[in-house]
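Participant:
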Amino acid sequence: MGHKRKRPVRNPDPPSSQISSSRFTSRPVESPPTILILQFLLQHLPSSSKSRRRRILSLRGVAANNKNVPDQRYDAQSLANFLDTTLIGVPKEPVPAVDSARQRDFAAFSQSQDISQSSDTGPSCPQSEIVDFVISSLFNRSGFSYQRPPHLLVRGFQRAAGPSPLENGAVASSIPGIVAQYPNGNVRSLKQHPWPDVLGLLGLHGEEIMIRLLFDCGIFTCVDPKKRMYYQLSGIPLSMLEQLDRNTSRQSDGSSKRTTLSNNTAAKDNKNDRETLHKPNSIIFVRRRMLYARPALNGKGEVRFGLRHIHVLNRFSSMDSLAQTVHIMKYIFPRQFRLHNVFTSATDNRQTVQRFKDYTMREDEIAQSAGRSVGQKDSTKVPKRLRGKAVELVQKLQNRNKKCPYMELLRHYCPSEPGPCRFGPLTQPDSISGSDPKSSASRPLGTQPAVPGQLSSSSVPRLPPPDDLATDFDLSQDRPTVPAPKVSLTDYATPASSVSAFCRAVLQKLIPPQFYGVGHEGASNKDIVLKHVDRFIRLRRFESLSLHEVCKGLKVTCIPWLEPPNIKNQAPGSQCSLSLSDLQKRTELLYELIYYIFDSILVPLIRTNFYVTESQAHRNRLFYFRHDLWRRLTEQPLAQLTSTMLQEVKPAKAQRMFSRRSLGSSSLRLLPKATGVRPIFNLRRRALVKSTWAGKKNSFLGPSINSTVAPVYNMLNYEKSRSPLRMGAALQSVGDIHPRLKQFKEHLQRQQVDLQLESQQPLYFVRLDIQSCFDTLPQHKLIRLVERLVSEEAYHITNHAEIRQSDEFNSGWPIHGRQARAARKFVGRAVPAKNPIHLPDAISSCATSKKKETVFVDNLKQKEYNTEDLLDLLDEHVRNNLIRIGKKYFRQRHGIPQGSVLSSILCNLFYAELEREILDFLQTDETLLLRLIDDFLLITTSVDLATRFLRVMLKGHPAYGVSVNPAKSLINFAASVSGIQIPRLVGTSLFPYCGNLIDTRTLEVYKDQERVLEGADSAVAPISNSLTVELARAPGRSFHRKAITSLTAQLHPMYLDTRHNSTAAVQLNLYTSFVTTAMKMYQYMKSLPSRARPSPQVVIRTIKDAIHSAYNVCRAKRGERSVPGNAEAAEYSPFACSVQRPQVQYLAAAAFRFVLKRKQTRYAEVLRWVELVWKAARPNSDRAALRMAQVVRNGNSTFDGWRF
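In C-alpha cells form, the structure reads like this:
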C-alpha cells in the first residue's frame, strides 16, 4: 500500500524578511499571527491594484541598489527599511459590515471637519485626520464609561466634560469633544514620516486599510534590528492582552452576552450565564492564603483552635433550621445559586491581588442577590438538583462540625512539647540558667527530612531559654564581640507529616462519607481526595495544585446525591448509562464540593491552627508552627524589637497621620534564619479602601507603599545614572564584581610591566560585614544627603513595560493550542521636567534596558513631580514609617524599612558618603574596594592599607550607624584588632565573597559550590528545597525549561571570561555548573510522580539543549563599557571565551555521567547516549585530553563527598 499523499498547503505565507517575526506576538496566549507591514499591505490591497503592488515591491529594489545615495533616494530607502522591519499583530478579520460602518462614520467625521478633497492619485484625506477619527471612534465605542478604552492611541486624552473641560492642565485637541491631558508621542509619530508616505502608496483604498490597521492591529516599529528590539506604536498594549483575554474570552464583537455574575446583581437565567469561564485545569487553589496568618484569640487572649468563629459552619450551626442549611449550601454550591464562583465569574483585580476571590464572607452578596438587607430572613428555596439527599448531607455536615474535637485531634497529631512552658517573664531572664544540650548549634538545622513525613513529632527538640532566641539586630553593643551561637526556630516546627495527619483526621470527622459516594468506589474517591490533601500540605512555597488534579480519577456514578431527583428505585452504585448533560451536571456539582473542601475548609483550618512561613536558609520549603508555640517562640524577639527599634504610636495620632498623607501602614512578620529571626516589613501589601463615590459602598485595593514611593525611586535612579561616582564602591548586583576585578587586574599587569617587576605583588584581602545595616542608618543624616544629591527642580516620571519571550526553546515543543507566556517587567523612568524624552528616543540613547528580543510598551502614564514634594514624601516614608502589629501602631525610630523599594539605593548612597569621608585613604591605584549593600571587600597590594581599613571599620562609626561583626569578617593575612583575632583564610587561596571564590593570587573567579550544601553533609535537602515542581500542565516541558534556566543562571560572564580567568578555570566553572544542573535535574525528576516523569528521549533532548545554550553563552560577544573606578571611569578589555563546542560537549557529558552513573538502572538509555557524546567529543591530542581529564578530576574532588 502506498503512502497517503499529503494535502498541499493553502495560502502559504509570503516570504519574510531577514528579521524574525515569530519571536514577538501581539498576544501571549493564543496569539494571532505576526507579519511584516509589507505583507499586511499586500494582503489587503484589492487584487485589481496591480500597479500599487508593483510600486510597493519596487521599493525593496530601490533600497538595495541605492544604499549609498544620500539625496533623492533617501526617502525611498528609509521607507523600504520601514516596511521591511515593522511588525503587525493581525487579529481575526472584521466582518464586512464593520468595515462599511467605519467608512460611513469616517465620511461623516470628515465632513464635520470640513476636509477638502485631494487629488485622484493620492489619498482623499491626510493621515492625521485618520488618526483623529480612530481616537474619536474609540471613545465613542466605549460609551460613557469612566474608563479609557484599552488602546495606546487614547492614552493622554479624555472626554471634554463639564463647563470647564480645559481645567487641571488639559489642552484643546484637534478632535471634537476630546481634550489632551498630556502629549501622546505615539499619535505624533503616526502623523509624521513615514506614515503619510505609506498612506500614499495605497491609493484610493488607503483610508480603509489604514483605519483597519489602526483599529484592529498592533503595530511594532523596530528600534534595533540587530538585537531585534521593538516598540509598540499602536493597538491594545501587549502587557494588557492576557488580562483582556481572560475577562473577555466569552464575549464577541457583536451581540455578546455576559458569562460572569456581578457581585451586586443576580444574573438572569440563560444558557450563556452557565458557560464555564475557568476550566478545572486552570483553577489553582490559592495556597498563599495560608501563609503568615494571625491567630484567633478568645476572650482570655489565648489561641483558639479549630475553624474560626466567623466560618460559615460556626455561624450557621443549627441543623434544625432549613434556612441555615440552605445558607451554607450557598457557600458550597454558589454556581447553583447564581452567586460569584470560580467557574463562571471573573475576578475583579480591584478587590484582590489573588487569582481567585476569597469566599470566607459572602453575606453582602447573598443579601443583594435576594434583594434584602443583611440580617433579614433568608430564603429556603433550593435549586432542583440539590433537593433531597444534598440537603441531608449538609445538615450532617453542620452536626459533625459541632461535634468535631478539633483541639483533641491537634493535641494528638501535633503535640506541643513542654519546652515552650519553660519561658519565664520577659522581665526575669536571669531566672533561667543554662540551656538544653540538645539545642546546640552543631546539630543539623532541621527536623523535617528532605522527603517530609519520615519523622514523627516526638523528634522535635526541647525549647531553649528565651535568651537563646534573641534577634540579630541588637543595637546596644559598645564594642565588637563575637556573639554566642544561636538556635534556629525551624527546629521547633511541626513536621509536615503531622500537619497532614491532623488535617486528614479533621476532614474525616467533619465531611460525611456519603459526599464521596458509596461502596468501594466511594471509598476510593475519599482516598483520592485525602491523598491530595497530604500533597497539598507537602508542596513547596511556589508549587500549586489544580482542581483537575484532585478530581482526576473520581467516579461520579457512585455518588447518590448527584443523581437527578426524578430517578427512583435505583440501586446505589449500579452501573447505568448517563446522558451527556447529566454527566456534565454531576461533574459540575462535584467540582464545586471539592473546591469548597480545599479552599474554604482546608486552607482556613491550616490558617487557624498553624503559622506557616518559609525560612531564609531553606529557600522554598514551608514550616508549620502551632500558633501557641509560635507566639512563645517570637515573644522575646518581638519584645526586643519593639523596645529598641520601634516606638509605639497612639491610635488617634496614627489616624491623624494617615489622614494627611498618602502612605499607609506596613505589616511585620518575622522570618526564621539559621540563627534568630529577621524582621520583614511588607510594603507591597495593598489595603482595601472604601469607595468615596456617592452611592457606592464597594471597597477597592489602594496603592501599596512601594508603589506610592516609586517616583522617589525613579528620581534617585536618574541621579545615579547621571553621576555614577556618587555610588562609590557599590555593586548593583553580584555580576558587577567581574568588570571591577578585571579592570583592577589589568591595571596591576600594566603596572608590573611599567615597573619591570619579575613577579606580581602579593594581594591582601579584607572582607567585612556591617551589622543590621538597614536598621541602623541615621534617618536625619540620610534625608540631608538626598537633598544635596538632587539636581533638578522637577522630574517627569513615565512608566513602560518590557516583554520578552520566556523560553528560547519553546518553538520546538508541541503547543497544543496554547503558547508560552512571555515575561513582563514594568519599569519606571525619570527625566528632568524641562527636557522630557519619548521612550523610543530613550531606547536609542541607551537610557533603558538593551536586552535582546524585547518589546517595549509605553504605558503613556506620565506626571510631573516637584522635587520638594518628592523629598517630603521621602521624609515621611523614612522618618514616619508606621508598622501595624496586631491592633497597635509603631514608628520605626531609626534606619529604613527592610522591604522598601528604596532601601538598597539609599543604603548605597549613604555608605558611599562614608567612603568619601572616612575611607578616603583608599583612593589610590593600589586598592580595589567593593561593596554589595553592607558586605565590604578590600583588595590591595599594601598590607598597611589593609590593616588600617580593618582597624578603622572595626572601631565603628555611630554617626553612620556602622558596627562591624568580627565573627563574620575574614582576611588572608595575620592581624588582630583590640585583642580580637580576626578569622583568617588558611589552607586555600580561594577567598569567598558573595557566593564567589576569588583567587588571592590571580584574581580568577569561581562559583562557590559549597554554598549549595548550606552547612549540611548532604545535597538532597538543599537542592530539593530550592526547586519548584510543576505538574499542572506539560510537566516535561516545565522540566526542560527549568533545567535550561538553572544552567544559564550559573553561566555568568565572570566565570567564562578567558581574558580574566585561565582556560582551565573557565572549563572548571563550566563543569561544576553542569554537575549542579544535573543534580537539580535528578532531584526534579525524583520529585515527579512516576506517570509524569520525563522519558529518556526528553532527558536527552534537555541535555542537548543545555549544551547548545551553554555554548551560545560562551560565544556571545560583549563590547567594551566604562566602569566607575575609585577616581575616574576607565575601560577594560571586552568579554571573550575561547572554549570550543567539543570542549563544552565533553564537559557536559562528563558531568551528567558523573551524576547519573549512580542511578544506572533508571537512566541506562540516557547514560548510553552520554557515553557516546563523551567519546565523540574527547580531544584527539593526548595533551589536550589530559588537560580536560584534569579539569574533570578537579571538579569531581568537590562533589565526591556529596550525597544527592
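With the first letter of the sequence shown counted as 1, position 1102 gets the number 1135 in my numbering; the numbers rise by one all the way through.
Glycine is no exception: its CB is placed at the ideal position from the N, C-alpha and C atoms.
Can you give the Cα-Cα distance for M9 and Q1042, rounded to whole angstroms?
Facilitator: Outside the shown range of the chain (34 to 1237) lies residue 9, about which nothing can therefore be said.
Participant: Give me the Cβ distance between A1183 and W1207, rounded to the nearest whole Å; I'm assuming they're in contact under 8 Å.
Facilitator: Right, their Cβ atoms sit about 6 Å apart.
Participant: By the DSSP assignment, the beta strand (DSSP E) with A863 in it spans what residues?
Facilitator: From DSSP, the beta strand (DSSP E) with A863 extends over 856-865.
Participant: Give the secondary structure of L1030 by DSSP, where H, G and I count as helix, E and B as strand, and everything else as coil.
Facilitator: Of the three classes helix, strand and coil, the one that applies to L1030 here is strand, per DSSP.
Participant: Just to confirm before moving on: does the CB-CB distance between E582 and L1064 stay below 8 Å?
Facilitator: Yes.
Participant: May I ask you to report which of helix, strand or coil DSSP gives E752?
Facilitator: Three-state result, E752: helix.
Participant: Going by DSSP, what residue range makes up the beta strand (DSSP E) through D787?
Facilitator: Segment 770-787 is the alpha helix (DSSP H) holding D787; no beta strand (DSSP E) there.
Participant: Which value, in whole angstroms, describes the spacing of the CA atoms of A1218 and E946?
Facilitator: Near 52 Å, if we compare the C-alpha coordinates of E946 and A1218.
Participant: Between which two residues does the alpha helix (DSSP H) holding H565 run?
Facilitator: Segment 552-571, the alpha helix (DSSP H) holding H565.
Participant: Of all the beta strand (DSSP E) runs that stay within the bounds of the segment 592-653, which reach a length of 3 or more residues?
Facilitator: Runs found: 643-647.
Participant: Can you say whether P438 is buried or exposed, counting buried as having 16 or more other CB atoms within 10 angstroms of its CB?
Facilitator: With fewer than 16 other Cβ atoms within 10 Å, it is exposed.
Participant: Taking the straight line between their C-alpha atoms, what separation do you get for F166 and Q387?
Facilitator: The straight-line gap from Cα to Cα measures roughly 39 Å.
Participant: Roughly how many angstroms separate the alpha carbons of T67 and F115, rounded to a whole number?
Facilitator: C-alpha separation (whole angstroms): 16 Å.
Participant: Look at the Cβ atom of S1142, then the Cβ atom of T1110, and state whether they are nearer than 8 Å.
Facilitator: Not closer than 8 Å, so no.
Participant: Round the Cβ separation of P930 and S699 to the nearest angstrom and send it over; I've been treating them as touching at under 8 Å.
Facilitator: Right, their Cβ atoms sit about 6 Å apart.
Participant: Run through DSSP, which three-state label would L1046 get?
Facilitator: Helix at L1046.
Participant: Just to confirm the assignment, what range does the beta strand (DSSP E) spanning L703 have?
Facilitator: That run of the beta strand (DSSP E) goes 699-705.
Participant: The beta strand (DSSP E) that contains C255, what's its start and end?
Facilitator: Counting along the chain, the beta strand (DSSP E) containing C255 begins and ends at 251-257.
Participant: From which residue to which residue does the alpha helix (DSSP H) around D874 run?
Facilitator: It spans 872-877 - the alpha helix (DSSP H) in which D874 sits, taken as one unbroken run.
Participant: Report all residues from its chain with a CB closer than 7 Å to the CB of A1139; omit the five preceding and five following residues, and keep chain order.
Facilitator: Taken in chain order, the residues that qualify are A1076, I1077, L1080, T1110, A1181.
Participant: Would you check if the distance between the CB atom of G697 and the CB atom of A720 is smaller than 8 Å?
Facilitator: Closer than 8 Å, so yes.
Participant: State the beta-bridge partners of M262 as determined by DSSP.
Facilitator: In DSSP, M262 forms a bridge with D257.
Participant: Buried or exposed: which applies to R573, given that a residue is buried once 16 or more other Cβ atoms fall within 10 Å of its Cβ?
Facilitator: The residue in question, R573, is buried, as its Cβ has 16 or more Cβ neighbours within 10 Å.
Participant: By the three-class DSSP mapping on this structure, what secondary structure does N217 have?
Facilitator: In the structure shown, N217 sits in coil (DSSP, three-state: anything other than H, G, I, E or B).
Participant: In whole angstroms, what is the alpha-carbon distance linking R964 and K564?
Facilitator: Cα-Cα distance, rounded: 49 Å.
Participant: Is the Cβ-Cβ distance between V359 and T413 less than 8 Å?
Facilitator: Against a cut-off of 8 Å, the Cβ pair of T413 and V359 comes out as a contact.
Participant: Buried or exposed for G251, going by 16 or more other Cβ atoms inside 10 Å?
Facilitator: So G251 ends up on the buried side.
Participant: Leaving out five residues before and five after E1037 in sequence, what residues of the same chain have Cβ atoms less than 6 Å from its Cβ?
Facilitator: For E1037, where only same-chain residues beyond five positions count, the Cβ hits under 6 Å are N1094, A1098.
Participant: Measuring only the C-alpha atoms, how far is W1202 from I1133?
Facilitator: Distance between the alpha carbons of W1202 and I1133: 8 Å.
Participant: Comparing C-alpha positions only, which one of P795, C1147, P1055 sits nearest to T1033?
Facilitator: When only C-alpha atoms are compared, the closest one is P795.
Participant: Look at the alpha carbon of R561 and the alpha carbon of E596, and state the distance between them as a whole number of angstroms.
Facilitator: A small fix is needed here, since residue 561 is Ile in this sequence, not Arg. In a straight line, the C-alpha of I561 is about 21 Å away from that of E596.
Participant: I317 and S577: beta carbons closer than 8 Å?
Facilitator: Their beta carbons are under 8 Å apart, which means I317 touches S577 by this criterion.
Participant: Give me, in chain order, the residues of the same chain whose beta-carbon lies closer than 7 Å to that of Q276; leave out the 5 immediate sequence neighbours on both sides.
Facilitator: Residue confidence for Q276 is low, a pLDDT of 49 falling below 50, so the modelled location carries little weight; the figure read from the coordinates is stated next. There are no such residues.
Participant: Spatial neighbours of W1235 within its chain, please: CB distance less than 6 Å, with the 5 preceding and 5 following residues excluded, ordered by chain position.
Facilitator: Once the five neighbours on either side are set aside, the close Cβ partners of W1235 are A1052.
Participant: Run the CB neighbour count on A1149, radius 10 Å, all protein chains shown included, and call it buried at 16 or more, exposed below.
Facilitator: So A1149 counts as exposed.
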